[in-house]
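Have a look at the structure below before the remarks.
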Amino acid sequence: MPHTQALPHPLPNRPLTRRDLLRVGALGVAASASAGLKAAAGVPPGVEPAPAGATAQSVILLWMAGGVTHIDSFDPKPEAPEEIRGTLSPIATRLAGVYFAETAPRLAALADRFALVRSFSHPNNDHLQSQAWTLSGRQVTAERITSEPNLGSVVAHLFGLREGLPGYIAVPGITRPGPPPYNLFVGGWLGNHLAPFALGGEPEEPDFTAHPERWENPNALAEEDLRPKALHWLSGLDLERLVQRSQLRQTLERAVRRLEATHLKRGVDPHYDEAFRLLCNPRVRDAFDLAAEPDALKDQYGRTKIGGRCMMARRLIEAGARFVMVDYGYDPDYGNLWDNHAVPIQRQPHICEMARRGYHVAGIDQAFAALLLDLEARGLLETTLVVYLTEFGRTPRINADGGRDHWGPAGSIFFAGGGVQAGQVIGATDRLGAYPTGPGYTPSDVAATICRAIGLDPHQRLYDREGRPQFVLPEGQPIPGLLA
(Lines of atoms letter the chains of each structure in order from A and count residues from 1; the text may use other names and numbers.)
(Lines give C-alpha, C1' and ligand atoms only; values in the text may rest on other atoms or scores of the structure.)
Protein backbone atom coordinates (compact mmCIF):
# COMPACT_ATOMS: atom_id res chain seq x y z
CA MET A 1 0.00 0.00 0.00
CA PRO A 2 1.42 3.44 -0.91
CA HIS A 3 2.54 5.65 1.89
CA THR A 4 0.14 8.49 2.69
CA GLN A 5 1.92 11.82 2.76
CA ALA A 6 1.30 14.31 5.47
CA LEU A 7 -1.42 16.89 5.07
CA PRO A 8 -0.23 20.47 4.57
CA HIS A 9 -2.45 21.35 7.55
CA PRO A 10 -2.48 18.49 10.10
CA LEU A 11 -5.78 17.14 11.31
CA PRO A 12 -6.61 18.50 14.76
CA ASN A 13 -6.42 16.21 17.80
CA ARG A 14 -10.11 16.65 18.58
CA PRO A 15 -13.51 15.85 17.03
CA LEU A 16 -13.61 17.43 13.59
CA THR A 17 -15.86 20.43 13.03
CA ARG A 18 -17.67 21.22 9.81
CA ARG A 19 -14.98 23.76 8.97
CA ASP A 20 -12.36 21.01 9.30
CA LEU A 21 -14.38 18.80 6.98
CA LEU A 22 -14.63 21.53 4.39
CA ARG A 23 -10.89 22.16 4.64
CA VAL A 24 -9.84 18.59 4.00
CA GLY A 25 -12.91 17.07 2.39
CA ALA A 26 -11.84 17.29 -1.23
CA LEU A 27 -8.57 15.64 -0.27
CA GLY A 28 -10.10 12.85 1.65
CA VAL A 29 -13.15 11.43 -0.07
CA ALA A 30 -12.63 9.21 -3.08
CA ALA A 31 -15.30 8.65 -5.69
CA SER A 32 -16.20 5.12 -6.58
CA ALA A 33 -13.10 3.36 -7.88
CA SER A 34 -14.33 2.85 -11.41
CA ALA A 35 -15.68 6.37 -11.93
CA GLY A 36 -12.74 8.04 -10.16
CA LEU A 37 -10.04 6.12 -12.00
CA LYS A 38 -11.77 6.59 -15.33
CA ALA A 39 -11.87 10.35 -14.74
CA ALA A 40 -8.28 10.31 -13.48
CA ALA A 41 -7.15 8.71 -16.70
CA GLY A 42 -8.90 11.43 -18.67
CA VAL A 43 -11.37 8.98 -20.22
CA PRO A 44 -14.75 10.74 -20.51
CA PRO A 45 -17.90 8.65 -20.30
CA GLY A 46 -19.11 10.16 -23.58
CA VAL A 47 -22.18 12.23 -24.40
CA GLU A 48 -25.17 9.98 -24.76
CA PRO A 49 -27.76 10.82 -27.43
CA ALA A 50 -30.57 13.09 -26.36
CA PRO A 51 -33.80 11.32 -25.37
CA ALA A 52 -36.42 10.84 -28.08
CA GLY A 53 -38.23 14.08 -28.81
CA ALA A 54 -35.63 16.26 -27.10
CA THR A 55 -34.63 19.50 -28.78
CA ALA A 56 -31.78 20.33 -26.38
CA GLN A 57 -28.89 18.44 -24.81
CA SER A 58 -28.04 21.04 -22.16
CA VAL A 59 -29.71 23.82 -20.18
CA ILE A 60 -28.47 27.19 -18.95
CA LEU A 61 -30.88 28.70 -16.43
CA LEU A 62 -30.27 32.43 -15.98
CA TRP A 63 -31.78 32.71 -12.49
CA MET A 64 -32.38 36.29 -11.37
CA ALA A 65 -33.80 35.84 -7.86
CA GLY A 66 -35.67 38.82 -6.46
CA GLY A 67 -38.18 39.80 -9.14
CA VAL A 68 -36.83 41.71 -12.16
CA THR A 69 -38.83 44.74 -13.27
CA HIS A 70 -40.51 43.90 -16.58
CA ILE A 71 -41.67 47.41 -17.43
CA ASP A 72 -38.12 48.81 -17.17
CA SER A 73 -36.65 46.02 -19.31
CA PHE A 74 -38.65 43.94 -21.81
CA ASP A 75 -42.22 45.25 -21.59
CA PRO A 76 -42.18 49.07 -21.54
CA LYS A 77 -45.44 50.99 -21.49
CA PRO A 78 -44.65 54.34 -23.16
CA GLU A 79 -48.34 55.32 -23.45
CA ALA A 80 -49.07 54.80 -19.76
CA PRO A 81 -48.99 57.61 -17.16
CA GLU A 82 -45.52 58.51 -15.87
CA GLU A 83 -46.12 56.81 -12.52
CA ILE A 84 -46.40 53.60 -14.56
CA ARG A 85 -43.99 54.06 -17.47
CA GLY A 86 -41.25 55.84 -15.50
CA THR A 87 -38.63 57.93 -17.26
CA LEU A 88 -37.03 55.35 -19.57
CA SER A 89 -37.50 55.59 -23.32
CA PRO A 90 -38.61 52.66 -25.49
CA ILE A 91 -36.24 51.43 -28.20
CA ALA A 92 -36.94 49.42 -31.32
CA THR A 93 -35.88 45.78 -31.55
CA ARG A 94 -35.10 43.50 -34.49
CA LEU A 95 -38.79 42.55 -34.48
CA ALA A 96 -41.20 44.94 -36.16
CA GLY A 97 -43.43 46.70 -33.67
CA VAL A 98 -41.68 45.23 -30.62
CA TYR A 99 -39.97 47.61 -28.19
CA PHE A 100 -37.76 47.17 -25.16
CA ALA A 101 -36.74 49.75 -22.57
CA GLU A 102 -33.56 51.72 -23.35
CA THR A 103 -31.74 49.64 -20.72
CA ALA A 104 -31.62 46.59 -23.03
CA PRO A 105 -30.14 47.73 -26.38
CA ARG A 106 -28.00 44.61 -26.99
CA LEU A 107 -30.85 42.17 -26.49
CA ALA A 108 -33.09 44.44 -28.56
CA ALA A 109 -30.63 43.94 -31.42
CA LEU A 110 -30.83 40.16 -30.88
CA ALA A 111 -34.60 39.85 -30.46
CA ASP A 112 -34.66 37.46 -33.43
CA ARG A 113 -32.45 35.03 -31.47
CA PHE A 114 -34.91 34.28 -28.65
CA ALA A 115 -38.59 33.97 -27.78
CA LEU A 116 -39.80 36.53 -25.26
CA VAL A 117 -42.71 35.58 -22.99
CA ARG A 118 -44.46 38.67 -21.66
CA SER A 119 -47.26 36.74 -19.95
CA PHE A 120 -45.31 34.98 -17.20
CA SER A 121 -47.96 35.08 -14.49
CA HIS A 122 -49.01 33.50 -11.21
CA PRO A 123 -50.94 34.61 -8.09
CA ASN A 124 -48.15 34.58 -5.47
CA ASN A 125 -46.32 37.74 -4.37
CA ASP A 126 -44.17 36.03 -1.74
CA HIS A 127 -40.45 35.77 -2.59
CA LEU A 128 -39.72 32.46 -0.91
CA GLN A 129 -42.76 30.56 -2.16
CA SER A 130 -42.46 32.02 -5.65
CA GLN A 131 -38.74 31.25 -5.89
CA ALA A 132 -39.24 27.68 -4.67
CA TRP A 133 -42.07 27.24 -7.19
CA THR A 134 -39.99 28.66 -10.02
CA LEU A 135 -36.90 26.58 -9.21
CA SER A 136 -38.88 23.35 -8.85
CA GLY A 137 -41.97 23.81 -11.02
CA ARG A 138 -44.01 22.73 -7.98
CA GLN A 139 -46.27 24.99 -5.90
CA VAL A 140 -45.28 25.06 -2.25
CA THR A 141 -46.60 26.28 1.04
CA ALA A 142 -44.52 28.43 3.36
CA GLU A 143 -43.66 25.30 5.38
CA ARG A 144 -42.35 23.42 2.33
CA ILE A 145 -40.11 25.92 0.58
CA THR A 146 -37.09 23.61 0.87
CA SER A 147 -38.96 20.31 0.52
CA GLU A 148 -39.32 20.20 -3.27
CA PRO A 149 -36.27 19.44 -5.44
CA ASN A 150 -35.00 22.00 -7.92
CA LEU A 151 -35.69 20.93 -11.49
CA GLY A 152 -31.92 20.78 -11.99
CA SER A 153 -31.76 18.24 -9.17
CA VAL A 154 -34.36 16.09 -10.92
CA VAL A 155 -32.33 16.27 -14.13
CA ALA A 156 -29.16 15.30 -12.23
CA HIS A 157 -30.98 12.40 -10.57
CA LEU A 158 -32.34 10.99 -13.84
CA PHE A 159 -29.45 11.73 -16.20
CA GLY A 160 -26.42 11.81 -13.90
CA LEU A 161 -22.91 13.03 -14.69
CA ARG A 162 -21.69 13.90 -18.15
CA GLU A 163 -18.07 14.30 -19.23
CA GLY A 164 -17.05 14.03 -15.58
CA LEU A 165 -19.09 17.09 -14.56
CA PRO A 166 -21.84 17.09 -11.91
CA GLY A 167 -25.36 16.84 -13.31
CA TYR A 168 -26.45 20.18 -11.79
CA ILE A 169 -24.02 23.08 -11.32
CA ALA A 170 -24.74 26.49 -9.78
CA VAL A 171 -22.59 29.48 -10.71
CA PRO A 172 -21.90 30.42 -7.95
CA GLY A 173 -24.95 29.21 -5.98
CA ILE A 174 -24.69 31.64 -3.09
CA THR A 175 -27.98 33.56 -3.24
CA ARG A 176 -29.80 33.35 0.07
CA PRO A 177 -33.13 35.22 0.10
CA GLY A 178 -34.57 36.26 3.40
CA PRO A 179 -34.38 37.47 6.11
CA PRO A 180 -33.41 35.15 7.67
CA PRO A 181 -31.35 33.71 4.81
CA TYR A 182 -32.74 30.57 3.18
CA ASN A 183 -30.92 28.22 0.85
CA LEU A 184 -33.44 27.34 -1.87
CA PHE A 185 -30.93 25.45 -4.03
CA VAL A 186 -31.98 22.06 -2.75
CA GLY A 187 -32.46 18.41 -3.65
CA GLY A 188 -35.60 18.36 -1.48
CA TRP A 189 -37.19 14.94 -1.10
CA LEU A 190 -34.63 13.47 -3.51
CA GLY A 191 -31.89 14.15 -0.94
CA ASN A 192 -29.35 16.85 -0.22
CA HIS A 193 -26.77 15.08 -2.37
CA LEU A 194 -28.77 16.29 -5.40
CA ALA A 195 -28.49 19.95 -4.48
CA PRO A 196 -26.42 21.77 -7.09
CA PHE A 197 -22.64 21.60 -7.07
CA ALA A 198 -22.20 25.25 -6.07
CA LEU A 199 -18.98 26.87 -7.26
CA GLY A 200 -19.22 29.45 -4.51
CA GLY A 201 -19.66 26.88 -1.76
CA GLU A 202 -21.30 28.21 1.37
CA PRO A 203 -21.48 32.02 1.26
CA GLU A 204 -19.25 33.66 3.85
CA GLU A 205 -21.99 36.19 4.57
CA PRO A 206 -25.31 34.50 3.75
CA ASP A 207 -27.23 37.45 5.18
CA PHE A 208 -27.50 39.75 2.16
CA THR A 209 -28.19 42.70 4.46
CA ALA A 210 -24.62 42.55 5.79
CA HIS A 211 -23.05 45.56 4.08
CA PRO A 212 -25.55 48.36 3.41
CA GLU A 213 -22.70 50.88 3.34
CA ARG A 214 -21.63 49.40 -0.02
CA TRP A 215 -24.99 49.78 -1.70
CA GLU A 216 -25.39 53.49 -2.29
CA ASN A 217 -23.37 53.62 -5.50
CA PRO A 218 -21.45 50.34 -5.87
CA ASN A 219 -19.05 49.72 -8.73
CA ALA A 220 -20.45 47.38 -11.38
CA LEU A 221 -16.96 46.14 -12.26
CA ALA A 222 -16.12 43.05 -10.21
CA GLU A 223 -14.24 40.00 -11.44
CA GLU A 224 -14.81 36.90 -9.30
CA ASP A 225 -12.77 33.77 -8.89
CA LEU A 226 -15.39 31.17 -9.78
CA ARG A 227 -13.22 28.08 -9.52
CA PRO A 228 -14.68 25.58 -7.04
CA LYS A 229 -13.12 25.93 -3.63
CA ALA A 230 -11.76 22.38 -3.88
CA LEU A 231 -9.49 23.47 -6.73
CA HIS A 232 -7.86 26.07 -4.50
CA TRP A 233 -7.00 23.55 -1.82
CA LEU A 234 -4.84 21.41 -4.08
CA SER A 235 -2.64 23.85 -5.97
CA GLY A 236 0.46 21.95 -7.11
CA LEU A 237 -0.80 18.56 -5.95
CA ASP A 238 -0.27 15.88 -8.63
CA LEU A 239 -2.63 13.00 -9.35
CA GLU A 240 -0.54 10.31 -7.64
CA ARG A 241 -0.48 12.23 -4.37
CA LEU A 242 -4.19 12.95 -4.67
CA VAL A 243 -5.06 9.27 -5.09
CA GLN A 244 -2.85 8.45 -2.11
CA ARG A 245 -4.66 10.99 -0.04
CA SER A 246 -7.99 9.39 -0.87
CA GLN A 247 -7.08 7.01 1.97
CA LEU A 248 -8.17 9.78 4.29
CA ARG A 249 -11.73 8.68 3.54
CA GLN A 250 -11.67 6.51 6.65
CA THR A 251 -10.71 9.51 8.76
CA LEU A 252 -13.53 11.57 7.31
CA GLU A 253 -16.03 8.76 7.71
CA ARG A 254 -15.20 8.60 11.39
CA ALA A 255 -15.68 12.36 11.63
CA VAL A 256 -19.00 12.23 9.82
CA ARG A 257 -20.22 9.54 12.21
CA ARG A 258 -19.65 12.03 15.01
CA LEU A 259 -21.94 14.41 13.17
CA GLU A 260 -24.53 11.76 12.37
CA ALA A 261 -27.20 13.35 14.49
CA THR A 262 -26.93 16.66 12.62
CA HIS A 263 -28.19 17.80 9.24
CA LEU A 264 -24.66 17.93 7.84
CA LYS A 265 -24.23 14.23 7.09
CA ARG A 266 -26.61 14.03 4.15
CA GLY A 267 -24.97 16.82 2.24
CA VAL A 268 -21.26 16.11 2.73
CA ASP A 269 -20.16 12.82 1.13
CA PRO A 270 -21.67 13.10 -2.37
CA HIS A 271 -20.34 16.63 -2.86
CA TYR A 272 -16.86 15.52 -1.85
CA ASP A 273 -17.16 12.61 -4.28
CA GLU A 274 -17.90 15.15 -7.01
CA ALA A 275 -14.98 17.30 -5.88
CA PHE A 276 -12.66 14.32 -6.11
CA ARG A 277 -13.79 13.60 -9.67
CA LEU A 278 -13.18 17.21 -10.64
CA LEU A 279 -9.72 17.19 -9.12
CA CYS A 280 -8.77 13.95 -10.86
CA ASN A 281 -9.55 15.16 -14.36
CA PRO A 282 -7.34 17.98 -15.73
CA ARG A 283 -9.72 18.62 -18.62
CA VAL A 284 -12.60 19.13 -16.21
CA ARG A 285 -10.51 21.35 -13.92
CA ASP A 286 -9.60 23.53 -16.89
CA ALA A 287 -13.28 24.19 -17.59
CA PHE A 288 -13.41 26.31 -14.43
CA ASP A 289 -10.50 28.57 -15.41
CA LEU A 290 -11.76 31.90 -16.77
CA ALA A 291 -8.16 33.11 -17.06
CA ALA A 292 -7.99 31.15 -20.31
CA GLU A 293 -10.52 33.47 -21.93
CA PRO A 294 -9.25 36.34 -24.12
CA ASP A 295 -9.59 39.88 -22.82
CA ALA A 296 -11.73 40.90 -25.80
CA LEU A 297 -14.33 38.29 -24.93
CA LYS A 298 -14.31 39.30 -21.27
CA ASP A 299 -14.99 42.86 -22.39
CA GLN A 300 -17.86 41.63 -24.55
CA TYR A 301 -19.55 39.90 -21.60
CA GLY A 302 -18.68 42.82 -19.32
CA ARG A 303 -16.16 42.62 -16.50
CA THR A 304 -18.94 42.30 -13.98
CA LYS A 305 -20.18 39.54 -11.72
CA ILE A 306 -22.97 38.61 -14.11
CA GLY A 307 -20.63 38.80 -17.10
CA GLY A 308 -18.14 36.39 -15.55
CA ARG A 309 -20.86 34.02 -14.41
CA CYS A 310 -22.39 33.84 -17.88
CA MET A 311 -18.96 33.19 -19.39
CA MET A 312 -18.37 30.42 -16.88
CA ALA A 313 -21.71 28.86 -17.85
CA ARG A 314 -20.64 28.78 -21.49
CA ARG A 315 -17.30 27.18 -20.57
CA LEU A 316 -19.09 24.48 -18.57
CA ILE A 317 -21.57 23.76 -21.35
CA GLU A 318 -18.67 23.55 -23.81
CA ALA A 319 -16.96 21.07 -21.46
CA GLY A 320 -20.07 18.87 -21.43
CA ALA A 321 -22.16 20.08 -18.47
CA ARG A 322 -25.83 19.20 -18.69
CA PHE A 323 -27.65 21.70 -16.43
CA VAL A 324 -26.01 24.97 -15.34
CA MET A 325 -27.75 27.62 -13.28
CA VAL A 326 -26.32 31.15 -13.35
CA ASP A 327 -27.26 32.57 -9.98
CA TYR A 328 -27.47 36.38 -9.73
CA GLY A 329 -29.69 37.55 -6.91
CA TYR A 330 -29.20 39.03 -3.46
CA ASP A 331 -25.61 40.19 -3.16
CA PRO A 332 -23.42 41.64 -0.38
CA ASP A 333 -22.08 44.32 -2.75
CA TYR A 334 -25.40 45.30 -4.34
CA GLY A 335 -27.97 44.33 -1.71
CA ASN A 336 -31.38 43.39 -3.09
CA LEU A 337 -30.37 43.38 -6.74
CA TRP A 338 -33.90 42.98 -8.10
CA ASP A 339 -36.10 43.50 -5.05
CA ASN A 340 -36.26 47.21 -5.73
CA HIS A 341 -38.73 48.74 -3.30
CA ALA A 342 -36.29 51.66 -2.90
CA VAL A 343 -37.11 51.99 0.79
CA PRO A 344 -34.48 54.03 2.67
CA ILE A 345 -32.64 51.01 4.13
CA GLN A 346 -31.95 49.74 0.59
CA ARG A 347 -30.21 52.99 -0.41
CA GLN A 348 -31.46 52.52 -3.96
CA PRO A 349 -32.15 55.29 -6.46
CA HIS A 350 -35.35 55.61 -8.47
CA ILE A 351 -36.11 52.34 -10.27
CA CYS A 352 -35.40 53.85 -13.69
CA GLU A 353 -31.95 55.05 -12.64
CA MET A 354 -31.33 51.71 -10.97
CA ALA A 355 -32.12 49.84 -14.19
CA ARG A 356 -29.47 51.84 -16.07
CA ARG A 357 -26.67 50.71 -13.75
CA GLY A 358 -24.09 48.26 -14.99
CA TYR A 359 -24.93 45.62 -12.38
CA HIS A 360 -28.69 45.87 -12.96
CA VAL A 361 -30.77 45.56 -16.18
CA ALA A 362 -28.00 47.16 -18.24
CA GLY A 363 -25.57 44.54 -16.89
CA ILE A 364 -27.72 41.52 -17.68
CA ASP A 365 -28.43 42.98 -21.11
CA GLN A 366 -24.71 42.97 -21.94
CA ALA A 367 -23.98 39.58 -20.36
CA PHE A 368 -26.98 37.74 -21.79
CA ALA A 369 -26.42 39.13 -25.30
CA ALA A 370 -22.76 38.08 -25.17
CA LEU A 371 -23.73 34.61 -23.96
CA LEU A 372 -26.16 34.07 -26.86
CA LEU A 373 -23.64 35.28 -29.43
CA ASP A 374 -20.82 33.22 -27.90
CA LEU A 375 -22.89 30.03 -27.83
CA GLU A 376 -23.98 30.67 -31.40
CA ALA A 377 -20.43 31.29 -32.62
CA ARG A 378 -19.28 27.98 -31.11
CA GLY A 379 -22.17 25.97 -32.55
CA LEU A 380 -23.61 25.36 -29.07
CA LEU A 381 -26.79 27.41 -29.15
CA GLU A 382 -28.83 24.94 -31.17
CA THR A 383 -28.20 22.19 -28.60
CA THR A 384 -28.41 24.40 -25.48
CA LEU A 385 -31.67 25.69 -24.06
CA VAL A 386 -31.11 29.11 -22.46
CA VAL A 387 -33.84 30.27 -20.08
CA TYR A 388 -33.93 33.70 -18.45
CA LEU A 389 -36.11 33.40 -15.36
CA THR A 390 -37.13 35.39 -12.30
CA GLU A 391 -39.89 34.63 -9.81
CA PHE A 392 -42.19 37.53 -10.73
CA GLY A 393 -42.30 41.06 -12.12
CA ARG A 394 -42.71 44.34 -10.28
CA THR A 395 -45.76 46.49 -9.67
CA PRO A 396 -46.84 48.68 -12.58
CA ARG A 397 -47.17 51.71 -10.34
CA ILE A 398 -43.94 53.18 -8.97
CA ASN A 399 -44.24 53.55 -5.22
CA ALA A 400 -43.73 56.71 -3.15
CA ASP A 401 -40.02 55.88 -2.64
CA GLY A 402 -39.37 55.49 -6.36
CA GLY A 403 -39.35 51.67 -6.41
CA ARG A 404 -41.62 48.92 -7.59
CA ASP A 405 -43.02 46.21 -5.32
CA HIS A 406 -43.70 42.47 -5.74
CA TRP A 407 -46.03 41.53 -8.60
CA GLY A 408 -46.85 37.92 -9.39
CA PRO A 409 -49.54 38.59 -12.02
CA ALA A 410 -47.13 39.77 -14.73
CA GLY A 411 -43.48 39.43 -15.68
CA SER A 412 -41.19 38.84 -18.65
CA ILE A 413 -38.89 35.88 -19.30
CA PHE A 414 -37.23 34.48 -22.42
CA PHE A 415 -36.06 31.23 -24.03
CA ALA A 416 -33.34 30.75 -26.64
CA GLY A 417 -31.55 27.93 -28.48
CA GLY A 418 -32.37 24.23 -28.02
CA GLY A 419 -35.37 24.00 -30.35
CA VAL A 420 -36.89 27.36 -29.42
CA GLN A 421 -38.85 29.07 -32.18
CA ALA A 422 -37.00 32.36 -31.90
CA GLY A 423 -38.00 35.78 -33.14
CA GLN A 424 -41.40 35.91 -31.48
CA VAL A 425 -43.16 37.47 -28.52
CA ILE A 426 -45.56 35.16 -26.71
CA GLY A 427 -48.33 36.84 -24.77
CA ALA A 428 -48.86 40.47 -23.85
CA THR A 429 -49.86 42.55 -20.87
CA ASP A 430 -52.48 45.27 -20.67
CA ARG A 431 -51.71 48.96 -21.19
CA LEU A 432 -50.41 49.27 -17.62
CA GLY A 433 -48.29 46.11 -17.64
CA ALA A 434 -50.44 44.70 -14.85
CA TYR A 435 -52.09 41.56 -16.22
CA PRO A 436 -51.81 39.31 -19.28
CA THR A 437 -54.33 40.05 -21.99
CA GLY A 438 -54.51 36.34 -22.82
CA PRO A 439 -53.35 33.12 -21.19
CA GLY A 440 -50.73 33.45 -18.49
CA TYR A 441 -47.91 30.95 -18.04
CA THR A 442 -46.89 29.81 -14.59
CA PRO A 443 -43.59 28.52 -13.20
CA SER A 444 -45.00 25.01 -13.65
CA ASP A 445 -45.50 25.72 -17.36
CA VAL A 446 -41.92 26.97 -17.62
CA ALA A 447 -40.66 23.78 -15.96
CA ALA A 448 -42.80 21.66 -18.29
CA THR A 449 -41.31 23.52 -21.26
CA ILE A 450 -37.77 22.77 -20.05
CA CYS A 451 -38.72 19.11 -19.55
CA ARG A 452 -40.12 18.93 -23.07
CA ALA A 453 -36.94 20.45 -24.52
CA ILE A 454 -34.62 17.95 -22.83
CA GLY A 455 -36.88 14.95 -23.42
CA LEU A 456 -37.95 14.47 -19.82
CA ASP A 457 -41.47 13.13 -19.30
CA PRO A 458 -43.11 15.26 -16.59
CA HIS A 459 -45.40 12.32 -15.75
CA GLN A 460 -42.47 10.03 -15.05
CA ARG A 461 -42.50 8.71 -11.52
CA LEU A 462 -39.69 9.34 -9.08
CA TYR A 463 -39.34 8.02 -5.55
CA ASP A 464 -38.49 10.12 -2.54
CA ARG A 465 -36.17 9.06 0.29
CA GLU A 466 -39.04 7.18 1.95
CA GLY A 467 -39.85 5.29 -1.26
CA ARG A 468 -43.04 7.21 -1.98
CA PRO A 469 -43.85 7.83 -5.66
CA GLN A 470 -43.78 11.38 -7.00
CA PHE A 471 -44.28 12.78 -10.48
CA VAL A 472 -41.48 14.80 -12.06
CA LEU A 473 -44.08 17.58 -12.33
CA PRO A 474 -47.57 17.31 -10.82
CA GLU A 475 -48.85 20.17 -13.02
CA GLY A 476 -47.91 22.44 -15.90
CA GLN A 477 -47.95 22.28 -19.69
CA PRO A 478 -45.27 23.35 -22.20
CA ILE A 479 -45.86 26.91 -23.41
CA PRO A 480 -47.69 26.58 -26.75
CA GLY A 481 -45.73 27.56 -29.85
CA LEU A 482 -42.43 28.05 -28.03
CA LEU A 483 -40.62 24.86 -29.06
CA ALA A 484 -40.36 23.47 -32.56
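The opening residue of the sequence shown carries number 23 in the working numbering; numbering runs sequentially from there.
We put the beta carbon where it would ideally sit given N, CA and C, even for glycine.
Around the beta carbon of THR163, a 10 Å sphere encloses fewer than 16 other beta carbons of the protein chains shown; the residue is thus reported as exposed. Here ASP452 is exposed, its C-beta having fewer than 16 other C-beta atoms within 10 Å.
The segment 171–259 contains, as complete alpha helix (DSSP H) runs of 4+ residues, the segments 173–181, 251–255 (chain order). Closest by C-alpha distance to ARG236, out of GLN370, LEU132, ILE476, GLY498, is GLN370. Here the alpha carbon of PRO234 sits roughly 7 Å from the alpha carbon of GLN368.
When secondary structure is reduced to three states using DSSP, PHE390 falls in the helix class.
Across the structure, LEU221 and GLY441 are spaced so that their CA atoms are roughly 28 Å apart. In the three-state reduction of the DSSP assignment, SER95 falls in the coil class. Judged by beta-carbon spacing, ASP134 lies within the 8 Å limit of LEU117, meaning their Cβ atoms are closer than that value. Cβ-Cβ distances below 6 Å link ARG400 to nothing in the same chain once the five nearest sequence neighbours on each side are left out. Between the C-alpha atoms of LEU403 and PRO366 there is a straight-line separation of about 42 Å. Counting along the chain, SER141 sits inside the beta strand (DSSP E) bounded by residues 136–142.
Within the segment 322–383, the complete alpha helix (DSSP H) runs of at least 4 residues fall at 327–341, 373–378. In the DSSP annotation of this structure, ALA130 is not part of any beta strand (DSSP E); the continuous alpha helix (DSSP H) holding it starts and ends at 127–131. Separation of ALA391 and GLY324 (C-alpha to C-alpha, rounded to the nearest whole angstrom) is 10 Å. Cβ contact annotation for ALA137 (same chain, cutoff 8 Å, sequence separation greater than five): PHE436, PHE437, ALA438, VAL442, GLN443, ALA444, GLY445, GLN446, VAL447, ILE448, LEU504, in chain order.
Boundaries of the beta strand (DSSP E) around ILE435: 433–438. According to the DSSP assignment, GLN446 belongs to the beta strand (DSSP E) that extends over 446–448.
Nearest in C-alpha terms to ALA335, of all of THR326, VAL494, MET347, is MET347. Contact annotation: the segment 370–385 touches the segment 241–252, with at least three C-beta pairs closer than 8 Å.
Take the alpha-carbon of HIS149 and the one of GLU170: they are about 16 Å apart. For VAL306, the enclosing alpha helix (DSSP H) covers residues 304–309. Following the DSSP letters along the chain, one finds THR406 inside the beta strand (DSSP E) bounded by residues 406–411. Beta bridge pairing from DSSP links TRP85 with ASP349, LEU411. The shortest C-alpha to C-alpha distance from GLY213 to any of ALA192, ARG474, THR412, VAL176 is the one to VAL176. Shortest Cα-Cα distance from ARG305 to any of ARG331, ARG337, PRO316 involves ARG337.
Listed in chain order, the non-local C-beta contacts of GLY209 below 7 Å within the same chain comprise PRO171, SER175, HIS215, LEU216, ALA217, local neighbours out to five positions each way being set aside. The alpha-carbon separation between PHE181 and GLY189 amounts to approximately 7 Å.
The Cβ atoms of ASP361 and THR125 do not sit closer than 8 Å to each other.
Secondary structure of ALA123 (DSSP, three-state): strand. Between GLU185 and ALA78, the C-beta gap is not smaller than 8 Å, which leaves the two residues out of contact. Ranked by Cα distance from VAL193, the options ALA130, ASP486, PHE345, LEU132 are led by PHE345. With fewer than 16 other beta carbons inside 10 angstroms of its own, ARG490 counts as exposed.
For ASP353, same chain residues with a beta-carbon under 6 Å away, outside a window of 5 residues either side, are LEU359 in chain order. Counting every other CB atom within 10 Å of its CB across the protein chains shown gives GLU227 a total below 16, marking it as exposed. One alpha carbon belongs to ASP396, the other to LEU407, and they sit about 14 Å apart.
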